[in-house]
Amino acid sequence: ETGVTQTPRHLVMGMTNKKSLKCEQHLGHNAMYWYKQSAKKPLELMFVYNFKEQTENNSVPSRFSPECPNSSHLFLHLHTLQPEDSALYLCASSQDRAGTAYNEQFFGPGTRLTVL
Amino acid sequence: GNSVTQMEGPVTLSEEAFLTINCTYTATGYPSLFWYVQYPGEGLQLLLKATKADDKGSNKGFEATYRKETTSFHLEKGSVQVSDSAVYFCALIKNTGNQFYFGTGTSLTVIP
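So, in structure tokens, the structure goes:
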């Protein structure tokens, strides 16, 4: 039990669909992250939220839209995706991003996304 | 820029063999270094970390030493078990920032 849960675990969607990924952390953390994990590539940081405020957006296409309604929940809304967006999407949380150099990040199990 | 390079896999070893997974980094300043492990079907878990030069991180029989002179943080274990089969990620975080930089991961399979 990592304390970070993600749903769904697997998702298959067409290019015209709209879907959402959900992440929930039960650790009392203040920072949450979305990563994209593709085969043979380093993990790509997509978005960072600290105290519900988005603090980083690493040049992610607008077809990915994050939402953080509170410090415990993070969503990734998906629309008009491309087949190359197929990947494992990982959510993570850490205690407090601001002012600390090496917060350990706790990861969820990921959502395996396939775009047809 | 900041980056992490780790040896490509997959790596296949027999049980009780010695393991080394190489990791080198490029960073400005003085980063902290980490090894994360991802077991099948799960997210990444912190395995060990080192926050300054010459520190040795250790956990579950795994060790890695922060070598500033060679910019390396190689992961070692003296005797691997089947249960160590997983993907291992080397990562760094700059002490002046909070973004993690991960390597591509090295898949390890241990056979009985």
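Going down the list, the protein sequences come from chains A and B. Numbers 127 to 242, taken from this note's numbering, label the letters of the first sequence in order. Numbers 513 to 624, taken from this note's numbering, label the letters of the second sequence in order. C-beta: ideal position from N, C-alpha, C; glycine also.
**Prompt:** Who are the Cβ neighbours of Lys178(A) in its own chain at under 8 Å, not counting the five residues just before and after it?
**Reply:** To locate residue 178(A), count along the first sequence from 1; it is residue 52. The residues are Cys194, Pro195, Asn196, Ser197.
**Request:** Would you identify the three-state DSSP class for Glu527(B), choosing helix, strand or coil?
**Result:** On the second sequence, residue 527(B) is found 15 positions in, with the first residue counted as 1. Residue state, collapsed to three classes: coil.
**Prompt:** From the beta carbon of Thr131(A), is the nearest beta carbon of chain B less than 7 Å away?
**Reply:** Counting from 1 along the first sequence, the entry for residue 131(A) is found at position 5. No, Thr131(A) does not count as interfacial toward chain B.
**Request:** Sort out for me which residues DSSP pairs Pro192(A) with in a bridge.
**Result:** Your numbering for residue 192(A) matches position 66 in the first sequence. In DSSP, Pro192(A) forms a bridge with Leu202(A).
**Request:** Could you tell me which of Gly521(B), Leu556(B), Tyr578(B) sits nearest to Thr538(B), measuring between CA atoms?
**Result:** Translated into positions along the second sequence, residue 538(B) becomes position 26. With distances taken between Cα atoms, Thr538(B) lies closest to Tyr578(B).
**Request:** Within the same chain, show all residues whose beta-carbon is closer than 7 Å to that of Thr133(A), passing over the 5 residues directly before and after it, in chain order.
**Result:** Your numbering for residue 133(A) matches position 7 in the first sequence. Closer than 7 Å at the Cβ level, and outside the excluded window around Thr133(A), lie Lys148.
**Message:** Pull the bridge partners of Lys145(A) from the DSSP assignment, please.
**Reply:** Taking the first sequence and counting its residues from 1, the one referred to as residue 145(A) is at position 19. For Lys145(A), which the question treats as bridged, DSSP gives the partners Leu204(A).
**Asked** Does any CB atom of chain B fall closer than 7 Å to the CB of Phe233(A)?
**Response** Position 107 of the first sequence holds residue 233(A). When Cβ-Cβ separations below 7 Å define contact, Phe233(A) makes contact with chain B.
**Prompt:** Since Gln593(B) and Val622(B) are thought to touch, with beta carbons under 8 Å apart, how far apart are those beta carbons, to the nearest angstrom?
**Reply:** The residue given as residue 593(B) occupies position 81 in the second sequence. The residue given as residue 622(B) occupies position 110 in the second sequence. About 6 Å separates the beta carbon of Gln593(B) from that of Val622(B), a gap short enough to meet the 8 Å contact definition.
**Item:** Local Cβ density within 10 Å of Phe530(B), reported as buried at 16 or more and exposed below that
**Value:** Here the question's residue 530(B) lines up with position 18 in the second sequence. Here Phe530(B) is exposed. Its C-beta has fewer than 16 other C-beta atoms within 10 Å.
**Message:** So for Thr517(B), helix, strand or coil by DSSP?
**Reply:** In the second sequence, counting from the first residue as 1, residue 517(B) sits at position 5. In the structure shown, Thr517(B) sits in a strand (DSSP, three-state: E or B).
**Message:** Less than 7 Å between CB atoms is the rule here; does Thr616(B) satisfy it with respect to chain A?
**Reply:** Working through the second sequence from its first residue, we reach residue 616(B) at position 104. Thr616(B) counts as touching chain A.
**Request:** Give the secondary structure of Val592(B) by DSSP, where H, G and I count as helix, E and B as strand, and everything else as coil.
**Result:** Taking the first residue of the second sequence as 1, we reach residue 592(B) at position 80. Coil, per DSSP.
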